[in-house]
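Asks:
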Amino acid sequence: MYRQLVHIVRTAMLLAAVMAGVVVCAGPASAHLTREHGELVVTTSGGVTGGRLIVHRDVVTAERAGAWASDLLAGPCPVSAHGVAGDDGGVPDGMVVELAWACAVDSLDLSALLREAGLTEVIAEFDGTAADVTAVLPVLDVTGAHAPGASRPTAPWAPFALGGLGLLAVLVLVTRRRTRVAVVSVLTVAVLAPQAALADVTPEPGARTAAATGTLTLTTPNPRAGQPVSFSYQTDRPGTLNWVGLYGPGEKPGVAQSRVWVRAPQASGTVSLNTTALGEGTWIAYFMLNDGYEMLSAPLTFTLSGTGADVVTVQGTVFDDTDGDGVREQGEKGLEGVSVTDGAAWATTGADGAYTLRTDRARRETDLVNVVSPNGYTPVLRDDYIPAFFREVPQGQGPLTGLDFALVRSAAAADPKEKWLMISDVEVGNRTDAEYRSSLPRWKGQVEAMAEVDGATLTISTGDLTVTDYADVARRQGGYDLLREGLRQGRLGHPFYPVIGNHDLGGTPTSTGYAGTLEYWRRNVGPEWYSFDRDGRHVVVLEDNDSRGLNAQLEWLREDLRRHAVGKQVLVFAHRSLFTRWGPGAGMQPTVDELAKYDVRMFAAGHNQQAEYRRGAFARSVEVNNMGMYGIDAARPDYKILDFTGITGEDKGHVVSTHRQFGVNDDVALVSPAPGSVHGAEAGVPLEIYAEDDGRTPARATLTVRFKNGRIVWQREAMPFGARRNPEGIVNCYKGETCPQAHVSWTRAGGRITGLHPGAYTAELVVADTRGRAFPTVRAAFQVLADARVSKPRLGQEWTRQGGDEQGRSAAADDPGSTLDLRWAANTGEQFHLNGAAVSDGRVIVASQAFDSPYSMMLAYDALTGKEIWRTYLDGDAESHPTVHGGRVYLTTGVGRVYALDAATGKVAWESIDAEQVNPTNVRRYGRAGGPVSVFDLPGGRAVAVYHEWEGVRCRDAATGERLPGGFSAPAGWGEFHSTAIRRPGSTTAWLHSGSSQSLISMDLTTCRQVSTVDTGGDLYSQSSPAFTDKGLVTSTWTGTRGHDVSAGGKVLWHAKLGTSATCEYGPPPVTGPATWDSMAYVAGQDGVVRAFDTAGPDPAKPVWETPLGYLPGESPMEDRWRAGTMCTANGLGSPAMHALVTRSTVYAGTWDGRVVAMERASGRVLAQHDLGGGVASSLSISGDVLYALTDDGSIHALATR
């Protein structure tokens, strides 16, 4: 038929447009999960397609979700699926299903999913294009959502030149009555809009009225151009191919193409059509039969009013509020040349500070105007500390007067080194009464912590301040009430600038369209996009959650940047990252291109629930992601203290920050000399001090050492925390950059105590913060012996990868025992989270992830002395345990980069990157790796490097970095890939977990192809690796510990559902892999318990022993005033435990409250524990007499046998 012909011609033209370089962009789906709604993201890369489906938990259970989705979403090839509950992660009440097809999928028909799940809508994104999929439009592809067999809509086309491009198309058209062939011999397009390409097409005959009678009724009152228009219809001839289309005056169905159309399959119902492409004026709606042109009702003529139909004039004054009371008084002058906007229209104040703005009431439900505050000024603050930079437009006829803006002159607002705080995804919720009761104390406590930061004068968020979208409509306002009340009660004390996130979207029962989703946000905290000048820079806040607003926002942004950004550095804040797979996709590219015309230095976002800090999309810029409530990097929820020093003055660096963790309260530890420790007289005593708080900043420490008779024999006063230092060894700067100033973490101070004679001593530690307030005092008794009586540490086995060896057992033949003392410590100035130390050739090599700068590093130290040998600055978040093989060190980073460094010098031997989109003026890095690179020797003398990128498992030549054939799709989980690959000695089959440990995969190393896969029940916090026992294989994930039969594709033999949750912990903490010795498996659990399983015993799922690890004094949840009595009523069994390691005599585990605990292997009895201060979230390593432990504040500790 004619419309099918039009589709084919337009498809040919789309191909021609792509060949000519025309870019067609679309935006992301937004998250609005209810029982009737779902969300789906589908991406294709490297010839395979992966995705994620989110539905309400009432739709399907986690146990059934995988098979259920596989049946409903099969495309041209099989799809593997795995479901996990989202209640403990970022999807409350949700079920998350990871999808991996075995091929590249061009389109998906979601009809079965919609029907079987009872969904009315799926908010979807297909390779960056956003669409709302419904029963009427169930087919999803890269161009959007369509009816089955229907033509695909295209984005508006600008005229373009193809200069004689010829296309030959033979079009076979089928109708119910006949088949005919139309041949378009040559289509030559010079400068042509797509409609012109229809001139040579023979149309169907005009529309005919059907014998049946039906009705078509306009249901949208006063319809306006650019906004949806709805019709109700009724017919006694229903059919799945019936449709409603809109035509212009004089255009006839079957002769002209419909301007927009939609299916109307029921006997009666309602349809809605988008009028974005239609102008004001008269239009005609036709109700048609069976994808043809027989009319089921009389045509309906209606009128779309124009954009000027509801414009009102508003007036006001922007003035210098000298007394800061928000009221203009005599002598307070107006400010000239200040911009005022409603998000679309603009005005500029005159010499008297007055402005006049014409605003369209139809743009939004709550109308706002806002001021772009100039440099050196802050809008007067409301009682919740949100600046009053916006005013609500009252009802009534214009001109509406008195919409004034009071600006207060501020020295801080003109200081280019002003100290800002940045927070994200606090998700203050009111979905239930229980959530209401727990949200306010938690949020108030976080605000109080930020208020304690010395010198901070501004806080800005990066979205998801509330959980509006998941809340019942009647409870939505309550979430905003909690947000504002927490700011009041927490007494933030300085401006709080809000940024909208996807969970902040949601309207009233009568809200409609894009404007409706913004309604509660606008009522409570202001406009969805805005800007201001401050500190000599221009600050832009964007809404990048719902693609429907991107075009209008871009038009506003162009004018905003033209007015305010020329010659200034620009800081951009939004909710979704430009880089990661959680980002806004291709729809943001026009916005990115516009920003690239200016000097953008930072793009800050949230949403990912990961603390990420990397070089950005623009020259000299950084991209920053805040952690939020559900940190999935083995870290607690965080915020950042921004530091603009590097882009001020000489301007040679980047915006950097200080990473701060919520829930850490007045922690202080004397790591060394530790209580009961023993040290040599000549060697001296390592001095290692730790102090941390979620608000206060430690500034100086005083340590006093007394002999047993009380006499002071050594004292050091005012030792600084976070001291600068000069690296001792080779420094490899990142290409083209000046290396940053090296320093230790703000949580550490130290040195070495010398000159003590053999004897018994007591050390007293006093720490003061930047305001002179003391931390708790710490005392420790220790001994100094003659050096001949103190053992000298020796090195032994190599620990070359995560898990120690190719079998991943985390088992050491060397046995340092439980009585250990600190021999040396070093600090990278950044962080260790889910990292680990490789020990090889006398060196300890670590990857240090930067949560607060783009300066992630790989470093090597002398394994016995701690002297730094080299450091190499990397691109992207260094999240993995390094692997040493053949004189090289391998790792991946969070932007999909793979590195091979020379183990002796740290110099880059080769590097590669996955999924990097390089544009003329910017770069988008969609790669996502971050886990270990597992290197294996293969027959024939070659070695293969295996790692997990977002799309699946990849292989590279270990010598050259060349991408090898093969590779396969695997669940991405939540973008965390911390599994190492393991194998039996000499085997060419390796085993590893997919993303977030969701499945156990075996693969052929010679072909890089998947052999088998089995579900292992991982989720958001599962960051584990499998491990071989003497006869089988063991895994540990969020759903428990499993034994597997490797001869049967990893079949699950037993399942211990133990240690699967943490009690009252922020985060929650990660699940890490087991350690094994012979047939025994040792698992450190989230619940603070270490368990031993005999995998060869009669009941392998029953622990042989269980050891609760308890808490350090002051570290239990019930000792935290914001958790006790609200989210928590009793303590758990212990601080979350991680990364078991086993020797012949001892089992070791790290804890989140900062300990390394040593237990007797036979019984589980606790033998000793060592307080290292920061959380031990990285794996442990052993060589000879030395155990190496990393803490989350970037410290490496070498603990040796006494």
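The sequence shown runs -31 to -1, 1 to 1171 under mature numbering (1 follows the signal peptide of the UniProt record, and there is no 0).
We treat Cβ as the ideally placed atom computed from N, Cα and C, and that holds for glycine.
These figures come from a predicted structure and were not determined experimentally.
Measuring straight from C-alpha to C-alpha, what distance separates G482 and L185?
Replies: Taking the sequence shown and counting its residues from 1, the one referred to as residue 482 is at position 513. Taking the sequence shown and counting its residues from 1, the one referred to as residue 185 is at position 216. If you take the alpha carbons of G482 and L185, they lie about 22 Å apart.
Asks: Whose C-alpha, out of A50, Y703, M264, A81, is nearest the C-alpha of G987?
Replies: One-based indexing of the sequence shown puts residue 987 at position 1018. Ranking the options by Cα distance to G987, first place goes to A50.
Asks: Run through DSSP, which three-state label would M264 get?
Replies: Working through the sequence shown from its first residue, we reach residue 264 at position 295. Note: M264 maps to strand in three-state DSSP.
Asks: Are the CB atoms of K1020 and T1008 nearer to each other than 8 Å?
Replies: Position 1051 of the sequence shown holds residue 1020. Position 1039 of the sequence shown holds residue 1008. No, they are not a contact pair.
Asks: Name, in chain order, the residues that DSSP records as bridge partners for L791.
Replies: Start at 1 with the first residue of the sequence shown, and residue 791 comes out as number 822. Its beta-bridge partners are L1168.
Asks: Mapping the DSSP letters down to three states, classify Q1138 as helix, strand or coil.
Replies: For the purposes of this step, residue 1138 is taken as the residue at position 1169 of the sequence shown. Three-state result, Q1138: strand.
Asks: Work out the CA separation of A996 and G856 for me, nearest whole Å.
Replies: By one-based count along the sequence shown, residue 856 stands at place 887. By one-based count along the sequence shown, residue 996 stands at place 1027. Straight-line measurement puts the Cα of A996 at about 25 Å from the Cα of G856.
Asks: Is A565 helix, strand or coil when you go by DSSP?
Replies: Counted from its first residue, the sequence shown places residue 565 at position 596. It is coil, neither helix nor strand.
Asks: Look at the alpha carbon of V624 and the alpha carbon of R840, and state the distance between them as a whole number of angstroms.
Replies: Reading the sequence shown from its first residue, position 655 is the one you call residue 624. Reading the sequence shown from its first residue, position 871 is the one you call residue 840. Roughly 21 Å separates the two Cα atoms.
Asks: Please classify S965 as buried or exposed, where buried requires at least 16 neighbouring CB atoms within 10 angstroms.
Replies: Residue 965 sits at position 996 when you count from the first residue of the sequence shown. So S965 ends up on the buried side.
Asks: Under a three-way DSSP split, which group does E85 fall into?
Replies: Along the sequence shown, one-based indexing puts residue 85 at 116. Of the three classes helix, strand and coil, the one that applies to E85 here is helix, per DSSP.
Asks: How about W490 and L451: are their beta carbons less than 8 Å apart?
Replies: Indexing the sequence shown from 1 puts residue 490 at position 521. Indexing the sequence shown from 1 puts residue 451 at position 482. Against a cut-off of 8 Å, the Cβ pair of L451 and W490 comes out as no contact.
Asks: Just confirm the distance between the C-beta atoms of M1128 and T1115, as a whole number of angstroms; I'd bet it's less than 8 Å.
Replies: Reading the sequence shown from its first residue, position 1159 is the one you call residue 1128. Reading the sequence shown from its first residue, position 1146 is the one you call residue 1115. Right, the Cβ-Cβ distance comes to about 7 Å (below 8 Å), so this counts as a contact.
Asks: In angstroms with no decimal places, state the Cα-to-Cα distance between L1081 and D1056.
Replies: Within the sequence shown, numbered from 1, the residue matching residue 1081 stands at position 1112. Within the sequence shown, numbered from 1, the residue matching residue 1056 stands at position 1087. Spanning the two alpha carbons is a distance of roughly 15 Å.
Asks: Once the 5 residues before and after T89 are set aside, which same chain residues still bring their CB inside 6 Å of it?
Replies: For the purposes of this step, residue 89 is taken as the residue at position 120 of the sequence shown. Here the set comprises E5.
Asks: Tell me, please, whether the segment 628 to 646 touches the segment 699 to 709 by the rule of three or more beta-carbon pairs shorter than 8 Å.
Replies: no
Asks: List the DSSP bridge partners of residue 1178.
Replies: The structure shown does not extend to residue 1178, since the chain is modelled only from -31 to 1171, so the question has no answer here.
Asks: In the DSSP assignment, what residue or residues form a beta bridge with A959?
Replies: As a first step, residue 959 must be located in the sequence shown, where it is residue number 990. M972.
Asks: Within a Cβ cutoff of 6 Å, which residues of the same chain sit near S938, ignoring the five residues on either side of it in sequence?
Replies: Within the sequence shown, numbered from 1, the residue matching residue 938 stands at position 969. If we look at S938 and ignore the five residues flanking it on each side, its Cβ neighbours are V17, G19, A69, G921.
Asks: To the nearest angstrom, how far is it from the Cα of G900 to the Cα of Y346?
Replies: To locate residue 900, count along the sequence shown from 1; it is residue 931. To locate residue 346, count along the sequence shown from 1; it is residue 377. Each residue's Cα considered, the two are about 45 Å apart.
Asks: With W490 as the anchor, note down where its alpha helix (DSSP H) starts and where it stops.
Replies: Along the sequence shown, one-based indexing puts residue 490 at 521. Start and end: 488 to 493.
Asks: Would you call the CB atoms of G691 and V713 closer than 8 Å?
Replies: Position 722 of the sequence shown, counted from the start, is the residue given in the question as residue 691. Position 744 of the sequence shown, counted from the start, is the residue given in the question as residue 713. Taking 8 Å as the Cβ cut-off, G691 and V713 qualify as a contacting pair.
Asks: May I ask you to report which of helix, strand or coil DSSP gives S981?
Replies: As a working note, residue 981 is residue 1012 in the sequence shown. S981: strand per DSSP, three-state reduction.
Asks: Per the DSSP calculation, S76 is bridged to which residue(s)?
Replies: Counting from one through the sequence shown, the residue named residue 76 turns up at place 107. DSSP, once it has assigned bridges, lists D110 as partnering S76.
Asks: List the residues that DSSP assigns as beta-bridge partners of Y499.
Replies: As a first step, residue 499 is located in the sequence shown; it is residue number 530 there, counting from the start. Answer is V510, bridged to Y499.
Asks: Under 8 Å, do A1158 and L1136 count as touching if we go by C-beta distance?
Replies: Mapped onto the sequence shown, residue 1158 falls at position 1189. Mapped onto the sequence shown, residue 1136 falls at position 1167. No, the pair does not count as a contact, with Cβ atoms beyond the cut-off.
Asks: Using a C-beta cutoff of 8 Å, does S968 count as contacting chain B?
Replies: Annotation note: the requested chain B is absent from the structure, which comprises a single protein chain.
Asks: Roughly how many whole angstroms lie between the Cα atoms of P823 and R584?
Replies: Here the question's residue 823 lines up with position 854 in the sequence shown. Here the question's residue 584 lines up with position 615 in the sequence shown. C-alpha separation (whole angstroms): 6 Å.
Asks: For the 8 Å Cβ check, are there 3 or more pairs between the segment 522 to 531 and the segment 495 to 513?
Replies: yes
Asks: From this set, A878, M1049, T666, which residue's C-alpha is nearest L843's C-alpha?
Replies: Taking the sequence shown and counting its residues from 1, one reaches residue 843 at position 874. Considering only alpha carbons, the answer is A878.
Asks: Out of L1022, Q630, L672, N678, which one is the CA nearest neighbour of M688?
Replies: In the sequence shown, the residue the question calls residue 688 occupies position 719. Proximity to M688 across L1022, Q630, L672, N678 peaks at L672, based on C-alpha coordinates.
Asks: Could you compute how far the alpha carbon of T112 sits from the alpha carbon of R894?
Replies: Within the sequence shown, the letter at position 143 stands for residue 112. Within the sequence shown, the letter at position 925 stands for residue 894. Using only the alpha carbons, I get a separation of about 23 Å.
Asks: Mind checking who W70 pairs with in its DSSP beta bridge?
Replies: The residue labelled residue 70 in the question sits at position 101 within the sequence shown. According to DSSP, which records beta bridges pairwise, W70 is partnered with V48.
Asks: Could you tell me whether the Cβ atoms of G1024 and A1070 are closer together than 8 Å?
Replies: The count along the sequence shown starts at 1 and reaches residue 1024 at position 1055. The count along the sequence shown starts at 1 and reaches residue 1070 at position 1101. As written in the sequence, residue 1024 is His, which differs from the Gly given in the question. For H1024 and A1070, yes; Cβs fall inside 8 Å.
Asks: Check the C-beta distance from P655 over to I1151 and give it rounded, since I have them as a contact under 8 Å.
Replies: As a working note, residue 655 is residue 686 in the sequence shown. As a working note, residue 1151 is residue 1182 in the sequence shown. The pair is not a contact, with the Cβ atoms about 19 Å apart (cut-off 8 Å).
Asks: For S903, count neighbouring Cβ atoms within 10 angstroms of its own Cβ and tell me buried if that reaches 16, exposed if not.
Replies: Here residue 903 refers to the residue found at position 934 when the sequence shown is read from its first residue. Buried, by the Cβ-count rule.
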